[in-house]
Amino acid sequence: MIQHEDWNPILQQLSTASDSPIQINKLTPVTGGDIHNSYILITTDGKRFFIKTNTVDCEPVLATEAEALEAIRETQCIKTPCPFTYGTTNQCAYLAMEYLSFTSHPQNQSTLGKQVAMLHRNLCKKYGWQGDNYIGRSPQFNLWHTNWCEFWITQRLIPQLKMAYQTGFSSQLAPFEQQLTKAIQSVLQDHQPDPSLLHGDLWSGNAGHLEDGTPAIFDPASYYGDREADIAMTELFGGFSPAFYQSYRDQWPIDGEYKRRKPIYNLYHMLNHLNLFGGGYLNSCLSLINTIIHSA
Numbered sequence: 003m004i005q006h007e008d009w010n011p012i013l014q015q016l017s018t019a020s021d022s023p024i025q026i027n028k029l030t031p032v033t034g035g036d037i038h039n040s041y042i043l044i045t046t047d048g049k050r051f052f053i054k055t056n057t058v059d060c061e062p063v064l065a066t067e068a069e070a071l072e073a074i075r076e077t078q079c080i081k082t083p084c085p086f087t088y089g090t091t092n093q094c095a096y097l098a099m100e101y102l103s104f105t106s107h108p109q110n111q112s113t114l115g116k117q118v119a120m121l122h123r124n125l126c127k128k129y130g131w132q133g134d135n136y137i138g139r140s141p142q143f144n145l146w147h148t149n150w151c152e153f154w155i156t157q158r159l160i161p162q163l164k165m166a167y168q169t170g171f172s173s174q175l176a177p178f179e180q181q182l183t184k185a186i187q188s189v190l191q192d193h194q195p196d197p198s199l200l201h202g203d204l205w206s207g208n209a210g211h212l213e214d215g216t217p218a219i220f221d222p223a224s225y226y227g228d229r230e231a232d233i234a235m236t237e238l239f240g241g242f243s244p245a246f247y248q249s250y251r252d253q254w255p256i257d258g259e260y261k262r263r264k265p266i267y268n269l270y271h272m273l274n275h276l277n278l279f280g281g282g283y284l285n286s287c288l289s290l291i292n293t294i295i296h297s298a
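In this text, residue positions in the sequence shown follow the numbering used here: the first is 3, and each later residue adds one.
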């Protein structure tokens with residue numbers, strides 16, 4: 003937790019961004035995050051803000067999250083927290099955003115599916131993003147490409163494999179790299195999807211419903227790419243209902259070849275979990291690699 007006096011520059015920037023003086027009435031730490039320290043800030047006039055903090059060197063992580071939140075918010079397709087301000091103090095990096103109050107009660111996910119499809123209708127001419135960003139704590143590379151297969155191999159697969167080699171998994175993974183790359187090329191070489199605006203990290207922990215039932219998504223790692231990459235991740239860890247998928251497909255059908263591409267897209271996230279959280283994810287990575295190689 004940062005010291006009390008270091009909240010002053012955050013409050014000053016938040017006052018400027020929200021165009022009203024901000025004074026703390028109550029500051030409540032929020033548990034559950036893997037990366038940042040988080041707080042609910044309640045002001046003396048009853049406003050609420052959600053604040054993330056981390057070490058000063060994590061400023062780019064929070065800055066790129068703010069950029070992605072703003073990109074999603076500007077589409078007006080689906081609710082996401084408004085990022086008010088971000089920056090650094092002498093002690094920490096911070097991101098101050100709109101506080102959203104989520105319900106813990108189960109909700110019908112059909113509207114969520116529809117709105118994710120609407121988000122994906124926001125297109126670009128190339129695959130990538132205006133700069134590199136982060137997927138969790140891992141760097142995510144977004145050099146612009148016009149070829150989807152090249153983008154996925156050079157900006158997604160290879161960087162995660164290199165990180166895995168550096169963290170001690172070279173002997174288990176390196177023998178498969180050449181065969182894996184050829185298999186992915188075989189599946190993706192003729193696949194040129196519309197470059198959709200993606201959430202980028204769309205698992206059930208990054209989506210929910212407000213107390214009035216409004217769907218919302220948060221903690222993005224956005225870029226322009228194949229919308230199936232978002233859908234694949236919703237299936238990786240579960241938590242999305244049949245109503246979500248039916249509503250999505252009603253808005254924008256997914257072709258039958260998606261089943262061949264899904265393990266390719268999910269390997270990226272599984273390798274990232276291996277790199278972030280350790281060897282407990284190795285067997286899942288090897289299983290996906292085996293599936294990809296034998297389905298090419």
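Just so it is clear, CB atoms sit at the ideal spot from N, CA and C, and this is done for glycine as well. All of these numbers come straight from a predicted model, not from anything done at the bench.
Spatially closest choice to residue i from the options, by CA coordinates
i    : options                   : result
N92  : S112, V58, T77 and L121   : V58
Q132 : V189, R251 and L199       : L199
M99  : N10, A19, E230 and P177   : A19
R158 : E61, H38 and Y129         : Y129
I12  : L288, D21 and Y88         : Y88
I37  : T293, F279 and L290       : F279
D252 : T293, Q117, H201 and A70  : Q117
Y167 : R139, N274, Y247 and L212 : N274
G281 : P177, P197, G170 and C94  : G170
T55  : W205, T33 and I80         : T33
L212 : A176, K81, D21 and Y96    : K81
I53  : D232, Y96, K164 and D203  : Y96
T216 : H107, L43 and I42         : H107
Q25  : T45, C151 and S173        : T45
K49  : S103, D192, I219 and C94  : S103
Q181 : P23, I294 and N144        : I294
Q14  : E69, T30, F86 and G35     : F86
H296 : F178, P31, M165 and G138  : F178
W254 : L121, Q174 and N10        : L121
L145 : D21, G138 and I155        : I155
G258 : H193, H201 and A218       : H193
F299 : A70, N292 and A209        : It is not possible to answer for residue 299, since the shown part of the chain is limited to 3 through 298.
P75  : T236, K127 and A218       : Here residue 75 turns out to be Arg, not Pro, going by the sequence shown. Nearest C-alpha to R75: A218.
DSSP-derived helix/strand/coil call for residue i
i    : result
S22  : coil
L204 : coil
Y225 : strand
E152 : helix
T90  : strand
H193 : coil
G215 : coil
F242 : coil
N39  : strand
H147 : strand
G170 : helix
G34  : coil
G281 : helix
Close-in-space but distant-in-sequence residues of the same chain around residue i (CB under 6 Å, 5 per side omitted)
i    : result
N124 : T77 and L199
F153 : Y129 and H147
F51  : L43, A98 and Y101
F246 : Q111, L114 and G115
M165 : N277
Those residues which DSSP pairs with residue i across a bridge
i    : result
K28  : I44
Q142 : N135
S198 : L125 and G227
M99  : F52 and P85
A209 : I219
G258 : BP columns for G258 are empty, so no partner.
G115 : The partner list for G115 (beta bridge, DSSP) is empty, contrary to what the question assumes.
F104 : L212
Interface flag, residue i vs chain B, CB-CB below 8 Å
i   : result
T45 : This model lacks chain B altogether, as it is built from one protein chain only.
Sequence-distant residues of the same chain with beta carbon closer than 8 Å to residue i, five excluded per side
i    : result
Y136 : P62, V63, T66, E67, Q142 and A223
M272 : L238, Y283, S286, C287 and L290
E230 : P195, I256, Y260, R263, K264 and Y267
T105 : G210, H211, L212, E213 and G215
C151 : I186, Q187, L190, Q191 and H193
Close-in-space but distant-in-sequence residues of the same chain around residue i (CB under 7 Å, 5 per side omitted)
i    : result
A234 : K264, Y267 and N268
A298 : A185, S188 and V189
Q162 : Y270, L273, N274 and N277
P23  : S17
E72  : P85
Cβ-heavy atom distance, residue i to the ligand ATP, below 7 Å
i    : result
S289 : Absent from the structure shown: the ligand ATP. Ligands present: none.
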